[in-house]
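A quick write-up on the structure given underneath.
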Amino acid sequence: MANIDITLNVNGKDHRVAVRSTEMLLEVLRDRLGYVGTNKVCAQGICGACTVIVDGKSTTSCLALAAQFDGARIITVEGLEHDGKLDPLQEAFMKHGAVQCGYCTPGFLMSARAFLNDNPHPTRTEIIDALRGNICRCTGYKKIIDAVEDVAARSAR
Amino acid sequence: MSEPQFVRARSVDHAIDTLKAAGGDGLIVAGGVVVSSLFNQRLASPAVLVDISRIKGLRYIKRTPNGLSIGALATHDDIHRSADVKAVAPLLTEIAEDVSCPRLRNRGTLGGSICTIGGQGDPATGLIALGATMQIKGPGGERTAHIEDFYKDAFEVDLAPDEIVERIDVPAPQTGARFAFCKLGPRNAMDFTQITVSVVMAPTGSGIRIGMNGVANAPNRPRATEALIATMNAGSINWTAVGKTLNGEISPQGDLVYSEDFKRHLALIGLRRAVERALARSKEAGGRA
Chain Z
1 MANIDITLNV
11 NGKDHRVAVR
21 STEMLLEVLR
31 DRLGYVGTNK
41 VCAQGICGAC
51 TVIVDGKSTT
61 SCLALAAQFD
71 GARIITVEGL
81 EHDGKLDPLQ
91 EAFMKHGAVQ
101 CGYCTPGFLM
111 SARAFLNDNP
121 HPTRTEIIDA
131 LRGNICRCTG
141 YKKIIDAVED
151 VAARSAR
Chain P
1001 MSEPQFVRAR
1011 SVDHAIDTLK
1021 AAGGDGLIVA
1031 GGVVVSSLFN
1041 QRLASPAVLV
1051 DISRIKGLRY
1061 IKRTPNGLSI
1071 GALATHDDIH
1081 RSADVKAVAP
1091 LLTEIAEDVS
1101 CPRLRNRGTL
1111 GGSICTIGGQ
1121 GDPATGLIAL
1131 GATMQIKGPG
1141 GERTAHIEDF
1151 YKDAFEVDLA
1161 PDEIVERIDV
1171 PAPQTGARFA
1181 FCKLGPRNAM
1191 DFTQITVSVV
1201 MAPTGSGIRI
1211 GMNGVANAPN
1221 RPRATEALIA
1231 TMNAGSINWT
1241 AVGKTLNGEI
1251 SPQGDLVYSE
1261 DFKRHLALIG
1271 LRRAVERALA
1281 RSKEAGGRA
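Chains as they are written, first to last, in the working numbering: chain Z, 1 to 157; chain P, 1001 to 1289.
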């Protein structure tokens, strides 16, 4: 029974929603609130396609009980765009061809965004380590890492 | 399947009362990583789900006269970033850095790791090697348990259904103690490792404490192996002899990919690498590490 009332702030907008105790944050975001950019793949926390940013930290939304997130500030891939302008990471992913089938892309973007917010000028090794929890089955890792490195190199010191 | 009742615990005592009232059919959820995975696989169906994640005063890391005190809700990320952990027990910093990946380290807690995936988790090995104890609270009051005694069997820990781990106390190693962590598996990120070894060695000589995972149903402290290594010269350890003793103390289970024999082989390699890294580290630091 969906009887636990929570408020989630998603991309700056408050949503009141009643959830079941075993309902995952991913399901609430996608199925109840329509933020379908966040993808479900493994439901085991392995692939990273469902990564969102919760209170500033990258979070695995398929392994997150929604009921625990009352009051949380969540950013999904839809929230990366501001006033019709894409996030520099999104621009760089396009420029570097860092997208093949695209299914893993939202997760990579959110992991990379959380990481760059925390560490704006990483080394390439640090970028690779930061993205270790995201799997691209098209194996397009090099271009993804290039794209993140490009954004890091262009951001003001 | 009926949905569990969700209770947001206000305090440790509230959580214990709720668990007690659930009569053994309650499940604690902290960061939610493992519990969510159990639900996704339909492997758990408790009557009551007790959310301890908002209990104030369980998420901290602080220095104590004896070493470190780590609240059960401290995340792997908290541990990884903690200057106090790095200063007192850098072995735990190294381990935290390699736990899973950032998005899971942000949610996963030390208490949760110890209680739920002990037999596969990396931190338990470091805590065993460091001689950590756990502070546990239940309806009858508080008690202390040595972490190596906490594990009984696969997914079986010395924790009553109405008890909660409040904190982990880590004694500071001796000044100059040498340490290392070694994990062997398909890849460092994400996969549960096959064999994990942590060692803490005395500042000189070959006195050693070992914590291992993947070599039995639960984390393991091979005491006879520790005793044997302590009799040897650190510079010329007889690994054949160590391997024989270690083999008698471990009981890995073969799986679809790795046979029991191969895991026994890996266990010795992991131990040897950890010891050699610990000894090399003391040289790097001019013996002052």
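For glycine and all other residues, C-beta sits at the position ideal for the given N, C-alpha and C. All of these numbers come straight from a predicted model, not from anything done at the bench.
Item, Value
"Give the straight-line distance between the Cα atoms of I4 of chain Z and V1035 of chain P, rounded to the nearest whole angstrom.", "18 Å"
"Let me make sure I understand the geometry here. Which of P:G1031, P:E1142, P:V1165 and P:T1125 has the alpha-carbon closest to that of A1180 of chain P?", "P:T1125"
"Which residues share a DSSP beta bridge with T51 of chain Z?", "Z:T60"
"Using a beta-carbon distance below 8 Å, is R1103 of chain P in contact with chain Z?", "yes"
"Which residues of the segment 1015-1027 of chain P have a Cβ closer than 9 Å to any Cβ of chain Z? Give them in chain order.", "none"
"In whole angstroms, what is the alpha-carbon distance linking A1202 of chain P and E1276 of chain P?", "14 Å"
"Between the alpha carbons of G37 of chain Z and D87 of chain Z, how many angstroms are there, rounded?", "15 Å"
"So who's on the other strand from H15 of chain Z, going by DSSP bridges?", "Z:L8"
"Quick check: S21 of chain Z and A67 of chain Z, are their CB atoms within less than 8 Å of each other?", "yes"
"Anyone know if the C-beta pair for A1129 of chain P and V1170 of chain P falls short of 8 Å?", "no"
"Quick check: what's the CA-CA separation for D150 of chain Z versus E91 of chain Z?", "10 Å"
"Would you call the segment 1002-1012 of chain P in contact with the segment 28-48 of chain Z, where contact means no fewer than 3 C-beta pairs closer than 8 Å?", "no"
"So A1180 of chain P is in the beta strand (DSSP E); what residue range does that whole segment cover?", "R1178 to L1184"
"What are the start and end residues of each continuous beta strand (DSSP E) run of 3 or more residues lying completely inside the segment 1008-1049 of chain P, in chain order?", "1026-1029"
"Please identify the residue among Z:R157, Z:N9, Z:G102 and Z:A156 whose C-alpha is closest to the C-alpha of G56 of chain Z.", "Z:N9"
"What separation, rounded to the nearest whole angstrom, lies between the Cα atoms of I1070 of chain P and R1105 of chain P?", "15 Å"
"Is the Cβ-Cβ distance between D70 of chain Z and T7 of chain Z less than 8 Å?", "yes"
"With a CB to CB cut of under 8 Å and the five nearest residues on each side skipped, what residues in its chain are close to V1033 of chain P?", "L1104, R1107, G1108 and G1112"
"Pick helix, strand or coil for H96 of chain Z, following the three-state DSSP scheme.", "coil"
"Quick one: using the 10 Å Cβ neighbour count with 16 as the cut-off for buried, is F1006 of chain P buried or exposed?", "buried"
"Less than 8 Å between C-beta atoms, sequence neighbours within five positions excluded: which residues of the same chain meet that for S1251 of chain P?", "V1215, A1216 and N1217"
"Looking at chain Z, which residues of the segment 1037-1062 of chain P have a Cβ within less than 7 Å of any of its Cβ atoms?", "S1037, F1039, N1040, L1049, D1051 and S1053"
"Quick one: list the residues of chain Z neighbouring G1032 of chain P, beta-carbon separation under 7 Å, in chain order.", "L63, A64, L65 and Q68"
"Quick check: the Cα distance between V1050 of chain P and I1016 of chain P, rounded to an integer number of angstroms?", "9 Å"
"Does V1012 of chain P come within less than 8 Å of chain Z when only Cβ atoms are used?", "no"
"In chain order, what residues of the same chain lie with their CB nearer than 6 Å to the CB of E1163 of chain P, ignoring the 5 residues before and after it?", "I1136 and G1138"
"How many Å lie between G1140 of chain P and R1054 of chain P at the Cα?", "23 Å"
"Using the C-alpha atoms, what's the distance from N1247 of chain P back to V1012 of chain P?", "42 Å"
"Reducing DSSP to helix, strand and coil, say where A1267 of chain P ends up.", "helix"
"Could you work out which residue in P:I1079, P:P1065 and P:N1213 is closest to Y1151 of chain P when comparing CA atoms only?", "P:N1213"
"8 Å is my cut-off, CB to CB: does I144 of chain Z come that close to chain P?", "no"
"Could you tell me how far apart the beta carbons of L1268 of chain P and G1235 of chain P are, in whole angstroms, since I believe they sit closer than 8 Å?", "Actually they do not touch by this definition, with Cβ atoms about 19 Å apart."
"Quick one: measure Cβ to Cβ for A1030 of chain P and I1052 of chain P, integer angstroms, because I've assumed they're closer than 8 Å.", "5 Å"
"So G1211 of chain P is in the alpha helix (DSSP H); what residue range does that whole segment cover?", "No alpha helix (DSSP H) holds G1211 of chain P; the beta strand (DSSP E) holding it covers I1208 to N1213."
"Report the option in P:K1183, P:C1115 and P:V1099 whose CA atom is closest to the CA atom of D1158 of chain P.", "P:C1115"
"Helix, strand or coil: how does DSSP classify T969 of chain P here?", "Limits of chain P in this structure are 1001 at one end and 1289 at the other, which puts residue 969 of chain P out of reach."
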